[in-house]
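Numbering (full-length UniProt numbering), first residue to last: 1 to 251.
Structure representation (structure tokens):
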């Protein structure tokens, strides 16, 4: 018996969906009967493989660091899906670790463009499509770093994720009259390609600070996203930041 989570037939665009949390989320939405458009920035091969794996999924490409790309991505997804019900704004990166007293200007601009401006641009582009839906929602991917300032060297990244949290609340207020709910998840340290270059020693030290005694998995994040997308499960939930961190940070 297939469990009805209220997302069957939902038209979903997931950015940064080639790997990690985005890919896991695409798999879950597809398994629940949603129609999914996968966005790929630089991992076209992985996106194509994922599309083939889960079936009946469209792939849209574009570099969200570039102005105007967000509008093209949303328009392409909406055309393929015949509209849009849910935007999962998941694309983001740390790019590089650098201390705030000596941060790199190029890295700063790139992280701000991808993690903050693109989130705002995607929401702006999606708004007209979502306003036509009776099940509209946006789910942004924030971070525990936006809650606690992040680890040494990730101050710029942490600032961008704090901005995502703030944008989420502002969007929730402004988009509510159009019937669009806006929420975010704030993952802790998740075992994904994002941490591929993080030292094992550092990850072990982080693990010791987590009450649940383990690092997160991508699958730990995708179900909260599905919950927030489902009007049946969260129809009266908006403007919320859902922490998914095993208890590492408790607001």
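Glycine included, each C-beta is placed from N, C-alpha and C at the ideal position.
Item checked: residue 229 - DSSP class collapsed to helix/strand/coil -> helix
Notebook entry, point to check: CB-CB under 8 Å to residue 156, same chain, minus the five flanking residues each way: which ones, in chain order?
Noted result: 98, 100, 103, 107, 108, 111, 112
Margin query: For residue 82 and residue 10, what's the separation of their Cα atoms in angstroms?
Written below: 11 Å
Notebook entry, point to check: beta strand (DSSP E) containing residue 123: first to last residue?
Noted result: No beta strand (DSSP E) contains residue 123, which is instead part of the alpha helix (DSSP H) from 118-130.
Next item on the list: Quick one: measure Cβ to Cβ for residue 160 and residue 115, integer angstroms, because I've assumed they're closer than 8 Å.
Entry: 4 Å
Note to self: By the three-class DSSP mapping on this structure, what secondary structure does residue 152 have?
What the structure shows: coil
Next item on the list: Measuring alpha carbon to alpha carbon, tell me which of 47, 250, 229, 251 ends up nearest residue 33.
Entry: 229
Note to self: Alpha carbons only, please: which of 142, 190, 28 is nearest the one belonging to residue 182?
What the structure shows: 142
Next item on the list: Report the three-state DSSP secondary structure of residue 90 (helix, strand or coil).
Entry: coil
Next item on the list: Label residue 212 either buried or exposed according to how many other C-beta atoms from any shown protein chain fall within 10 Å of its C-beta, with 16 as the threshold for buried.
Entry: exposed
Item checked: Rounded separation between residue 79 and residue 61 - CA only -> 14 Å
Check: Using the rule of at least 16 other Cβ atoms within 10 Å of the residue's Cβ for burial, across every protein chain shown, is residue 14 buried or exposed?
Finding: buried
Next item on the list: Identify, in the order they occur along the chain, each residue of the same chain with its Cβ nearer than 7 Å to the Cβ of residue 241, setting aside the five sequence neighbours on each side.
Entry: 142, 165, 168, 184, 186
Next item on the list: Please confirm if the stretch 173-180 is in contact with the stretch 143-153, defined as three or more CB-CB distances below 8 Å between the two stretches.
Entry: no
Check: Looking at the structure shown, is residue 10 part of a helix, part of a strand, or coil, going by DSSP?
Finding: coil
Next item on the list: Starting from the N-terminal side, write out each stretch of the alpha helix (DSSP H) that is 4 residues or longer and does not extend beyond the stretch 131-215.
Entry: 145-148, 155-175, 200-207
Check: Based on the DSSP secondary-structure assignment, which residues constitute the bridge partners of residue 60?
Finding: 39
Item checked: Nonlocal neighbours in the same chain, by C-beta distance under 6 Å from residue 121, ignoring five residues either side -> 70
Next item on the list: Indicate the three-state DSSP secondary structure (helix, strand or coil) for residue 244 in the structure shown.
Entry: strand
Note to self: Considering only the alpha carbon of each residue, which of 23, 238, 30 lies closest to residue 170?
What the structure shows: 238
Margin query: Assuming residue 26 and residue 17 are in contact, meaning their beta carbons sit under 8 Å apart, how far apart are those beta carbons, in whole angstroms?
Written below: 5 Å
Checklist line | Contact belief for residue 87 with residue 130 at Cβ below 8 Å, rounded distance in angstroms | finding: 7 Å
Check: Mind checking if residue 26 is an interface residue toward chain B, Cβ cutoff 8 Å exclusive?
Finding: In the structure shown, chain B cannot be found, because there is only a single protein chain.
Next item on the list: Grab me the residues of residue 162's own chain with a C-beta within less than 7 Å of its C-beta, minus the 5 sequence neighbours each way, in chain order.
Entry: 146
Margin query: Can you tell me whether residue 1 is helix, strand or coil according to DSSP?
Written below: Model confidence at residue 1 stands at a pLDDT of 49, short of 50, so the residue's coordinates are unreliable; what they give is reported in the following sentence. Residue 1 falls in the coil class under three-state DSSP.
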